[in-house]
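Student:
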Amino acid sequence: MVDAAGWRAAGASLAAGARVLVAVWATGDDAGSRVHLATRRPDGSDLAVIALRAEDGTYPSIGQYHPGAILMERALQDASGLRAEGLPDPRPWLDHERDFAFLPAEGEGLHRIPVGPIHAGTIEPGHFRFTVNGETIVRLEARLGYTRKGTLGLMQGSAPDAAVRLAGRVSGDSTVAYAWAFSRAVEAAREVAVPPRASALRGVMAELERLANHAGDFGAICNDAGFPLINAHAGALRETILRQADACFGHRLMMDRIVPGGVAADLAPVAAASLRAELPAWLGRFERLVELYGKTASLQDRVVGAGRLAPDLARRLGCGGYVGRAAGQDFDARRDAPYPPYDRHAPAVPSLSAGDVDARARIRIAEIRASAALIGDMLDALPEGGIRAALPESGGEAFGCALAEGFRGDIFAAVRLCGPVVADAFLRDPSWFLWPALEAAIEGNIVADFPLCNKSFNAAYSGCDL
Amino acid sequence: MGLIVHLALQALEMAIALLAAPLLTGFVRKVKARLQRRAGPPLLQVYRDLARLVAKEAVVPEDSSWLFRVSPYVIFAATWVAAALVPEFATNLQFSWSGDLIVIAALLGSARFFQMLAALDSGTAFGGIGASREAMLASLAEPAMLMIVFTVALVAGTSQLSAIATFMHSGAEGLRLSLALGLVALVMVGLTETGRFPVDNPATHLELTMVHEAMVLEYSGRHLALIELAGAMRLLLYMSLIACIFAPFGIAPPGAGPAALALGLASYAGKLGFGAVALAGFETTIAKMRVFRIPNFVGAALMLGLLGTLLLFMSASL
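What follows is the structure, given as structure tokens:
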């Protein structure tokens, strides 16, 4: 708990770059509302949370010091009613009932193109408002909040075992990473040690999820550049991984397999051997696609130089994952804030500085190679033993928080337990920092390149709608 | 008797343009899918889609005028007539005197003009984007088409397609550089005009990248069916055009007997099949171009056409 001066000082340390923003959220109970700020050091260490009592329903905005916080504070304003004083952009985010005006852009020959929230393809709902000059984008604003599920409210008062299922549904493509982040927060609050075998299995699941998503994204990026051949093959590669995941853990997306205290399903030796044997051939098929990607001049012409995100902007917005790492950032929670099993299996973390669509695709390629190697190492050194530690039935009020690296970037989970149930929880998707980056990166590009750039960011809609 | 046969052949020609066009489109899709290791939709799926669309209610935007409702019929009629004017399997059909290459280009231009007006009339942002992109393409593709017409007409001494086909078939001219340039230019113009790779992606669902599809986004029901059918006929037209000018072998001469006509039909089907496979192969190995690169592509077609014409004059003056 800090006072307003301490809160502002924390905001200033974000602006100075001494610390990095992880999340801003609010909780409330009979004792009143509190806002929480999670930060870490730039090197990844010292994840710390401070809280401020929100007197009169207001608190000093972090967004006025650090632009990366603006979206989260706008959402917080709609969800909790707390007003951020000094917030540079106080327009609503989740609440579609309130008046909303898109940011203005004026000049001769400018016109606006509204796109969505219903799109021609089967994708999540989001509205994009382009201001364009001919084909050139002058300004883009994304508006989300069409899939608000009230997940955080549902979690309140439910047992951790039930809450982790909700956490795994915040963004379905990252269900493993979400369940892991939430489980680690609960384990931190209750000081439970996870058996080594469970940790290793969690690692295998998370890396399988990364392989499947990165392979799918790689194909989808090529498809949006008008090269469906790679997409067809990448789709088959993704399907191979999903089937292996089904054979190994009993669910294609490995949903609800990570639970507080360990994992819900053990890995049979036969399935493990099959997965281990499949990997080299899978990687061989993938490398052929990478070769085709690099050799197809017409494809390279589309991806190189499109949607550039400057490294400085990526740093200021706090972009993680492949977006940040393609734009000169070098943070990976698995390496820089290591948690088991990554303390024993450190991943190779690629970093590029070009910041364009090509760089984001190549970061994914490098991460697929690294993940495949990790899965092999983890399976080779799979510890024996139990797969789940019992959680204490009850206990006093306890707070825990944790980071877990999903395929999109680091997912933050914070949970306050009260007796046998969750008093309140918060889950921060990496996409909170990706959407503003996409809006900035697209400026000066042409309208027709937006789908390609959007796909290379692949920010989650659902993860920000909560 | 002769007149009846001529009329019957002309009717067959028109029927082929109308009925075989969806099959050709379906075949291209199938080959593309197979090249991408997908099963792909059935060959007859395009017919089923058209039947489904015809049976559906046509929804018209509230703010649109009569132009929006009339345009599909104009586009369909103009494209059908243009497609039927290209000799497919026999030359000197009943109505071939009525139109030459320039008429075909003009008919397609009119169809495009109405398409663009209707897109603007729909009042949506995408209609406007599509129409503006189409206008940019047309301003380069149409002069390129005219240059190709000049080249071919100068070589053959006529712009009448039947006569050109007969002339080319006779082999009197032999190989000419101008014709080679014209062929490349015509393929490029054809890819542009039919909305294929690398200019446009006929299969995309991304509204912001569309050219032709963006203009027809607001259409539904029978209106959409007519436009889709016109699109399929345009593909058939360009393939027939390339076949009749540059590969007229097998085409039945005037007054040919049933055997020659059968040979003409078989060779025509073979040419279309070859064209479809070539198109699918080309589209599989190339990514779509950035929109602002497309003028370079179509501009190259214009330059090739121009070069072809100039070379003819130079060789004539030597």
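Line by line, the protein sequences give chains A and B.
Numbered per the numbering used here, the first sequence spans residues 672 to 1137.
Numbered per the numbering used here, the second sequence spans residues 28 to 345.
Glycine residues also receive a C-beta, built at the ideal position from the N, C-alpha and C atoms.
Could you check how far apart the C-beta atoms of B:V211 and B:G222 are, in whole angstroms? I think they sit under 8 Å.
Tutor: Not confirmed; about 19 Å, so no contact.
Student: On the DSSP letters alone, give me the boundaries of the beta strand (DSSP E) that A:V786 sits inside.
Tutor: It spans 781-786 - the beta strand (DSSP E) in which A:V786 sits, taken as one unbroken run.
Student: Taking the CB atoms as reference points, tell me whether A:Y817 and A:D1136 lie closer together than 9 Å.
Tutor: Going by C-beta atoms, A:Y817 is nearer than 9 Å to A:D1136.
Student: Leaving out five residues on either side along the sequence, give the residues of the same chain with a beta carbon under 7 Å from the beta carbon of B:Y265.
Tutor: Within the same chain, B:Y265 has close Cβ partners G217, E220, T221.
Student: How about B:K315: is its C-beta nearer than 9 Å to some C-beta of chain A?
Tutor: With 9 Å as the cut-off, B:K315 counts as an interface residue toward chain A.
Student: Please report the residue range of the beta strand (DSSP E) in which A:Y730 lies.
Tutor: Residues 729-731.
Student: Using a cut-off of 7 Å between C-beta atoms, extract the partners of A:P785 located in chain B.
Tutor: The answer, in chain order, is A152.
Student: Write down every uninterrupted run of the alpha helix (DSSP H) in the stretch 74-149 of chain B whose length is 4 residues or greater and which is fully enclosed by it, in chain order.
Tutor: Here the runs fully enclosed are 93-112, 128-148.
Student: Checking contacts by CB at 9 Å: is A:F1121 closer than that to chain B?
Tutor: True, the Cβ-Cβ gap to chain B drops below 9 Å.
Student: Going straight from the alpha carbon of A:I901 to that of B:F153, what length do you get?
Tutor: Using only the alpha carbons, I get a separation of about 28 Å.
Student: For the beta strand (DSSP E) containing A:H707, name the first residue and the last one.
Tutor: That run of the beta strand (DSSP E) goes 703-711.
Student: Which residues in chain A have a C-beta closer than 9 Å to the C-beta of B:V318? List them in chain order.
Tutor: The contacting residues are E806, I1117, V1118, A1119, D1120.
Student: Excluding the 5 residues preceding and the 5 following A:F920 in the sequence, name in chain order all residues of the same chain whose CB lies nearer than 6 Å to its CB.
Tutor: Cβ within range, chain order: R928, A936.
Student: Please name the residue, chosen from A:W678, A:A834, A:I1117, that lies closest to A:P931 on a Cα-to-Cα basis.
Tutor: Looking at the Cα atoms, A:A834 is the closest of the given residues.
Student: With A:F1070 as the anchor, note down where its beta strand (DSSP E) starts and where it stops.
Tutor: A:F1070 -> beta strand (DSSP E) spans 1069-1076.
Student: Taking 9 Å as the threshold (C-beta atoms), are A:A697 and A:V691 in contact?
Tutor: Result no, Cβ atoms of A:V691 and A:A697 do not sit closer than 9 Å.
Student: When the distance is taken between beta carbons, is A:R868 closer than 9 Å to A:G1057?
Tutor: In contact: A:G1057 and A:R868 (Cβ atoms closer than 9 Å).
Student: Starting from the C-beta of B:S98, find all residues in its chain whose C-beta is less than 6 Å away, skip the five residues before and the five after it, and write them out in chain order.
Tutor: Excluding sequence neighbours, B:S98 sits near F141, A145.
Student: Counting along the chain, where does the beta strand (DSSP E) carrying A:I808 start and finish?
Tutor: A:I808 -> beta strand (DSSP E) spans 807-814.
Student: Checking contacts by CB at 9 Å: is B:A230 closer than that to chain A?
Tutor: Chain A, which has a Cβ nearer than 9 Å to the Cβ of B:A230, makes this yes.
Student: Looking at B:L288 and B:L36, is the spacing between their C-beta atoms short of 9 Å?
Tutor: Result yes, Cβ atoms of B:L36 and B:L288 sit closer than 9 Å.
Student: Identify the residues that DSSP records as bridge partners of A:I789: which are they?
Tutor: Its beta-bridge partners do not exist; DSSP assigns none.
Student: Using a Cβ cut-off of 7 Å, pull out every chain A residue sitting near B:F224, in sequence order please.
Tutor: Result: G897.
Student: In the DSSP assignment, the beta strand (DSSP E) including A:T822 goes from what residue to what residue?
Tutor: Here A:T822 belongs to no beta strand (DSSP E); instead the alpha helix (DSSP H) covers 822-826.
Student: In three-state terms, what does DSSP make of B:D227?
Tutor: In this structure, B:D227 counts as coil in the three-state DSSP scheme.
Student: Below 8 Å on the Cβ atoms is my contact criterion, and I expect A:L825 with A:I1039 to pass it. Report the Cβ-Cβ distance as a whole number of Å.
Tutor: Not quite, the Cβ-Cβ distance comes to about 34 Å (not below 8 Å), so this is no contact.
Student: For A:R712 and A:F1083, what's the separation of their Cα atoms in angstroms?
Tutor: So the alpha carbons of these two residues sit roughly 15 Å apart.
Student: Please classify A:S854 as buried or exposed, where buried requires at least 16 other C-beta atoms within 10 Å of its C-beta.
Tutor: Buried.
Student: Straight-line CA distance for A:A998 to A:A1112?
Tutor: The alpha-carbon atoms of A:A998 and A:A1112 are separated by roughly 11 Å.
Student: What does the alpha-carbon distance come out to for the pair B:A327 and B:A48?
Tutor: Using only the alpha carbons, I get a separation of about 28 Å.
Student: Taking B:L30 as the reference, give the member of B:V55, B:F122, B:L299 with the closest Cα.
Tutor: Closest by alpha carbon: B:F122.
Student: Answer yes if the stretch 106-123 of chain B comes into contact with the stretch 291-302 of chain B, meaning at least three C-beta pairs across the two stretches below 8 Å, and no otherwise.
Tutor: These segments touch.
Student: Buried or exposed: where does A:F898 fall if 16 or more other Cβ atoms within 10 Å of its Cβ makes it buried?
Tutor: So A:F898 counts as buried.
Student: From B:L62 to B:G308, what does the alpha carbon distance come to, in whole angstroms?
Tutor: Approximately 7 Å, taken between the alpha carbons.
Student: So A:D1051 packs on A:V1020, CB below 8 Å; how close in whole Å?
Tutor: At roughly 21 Å, the Cβ-Cβ gap does not stay under 8 Å, so A:D1051 and A:V1020 are not in contact.
Student: Tell me the DSSP secondary structure of A:H798 in three-state form.
Tutor: In the structure shown, A:H798 sits in a strand (DSSP, three-state: E or B).
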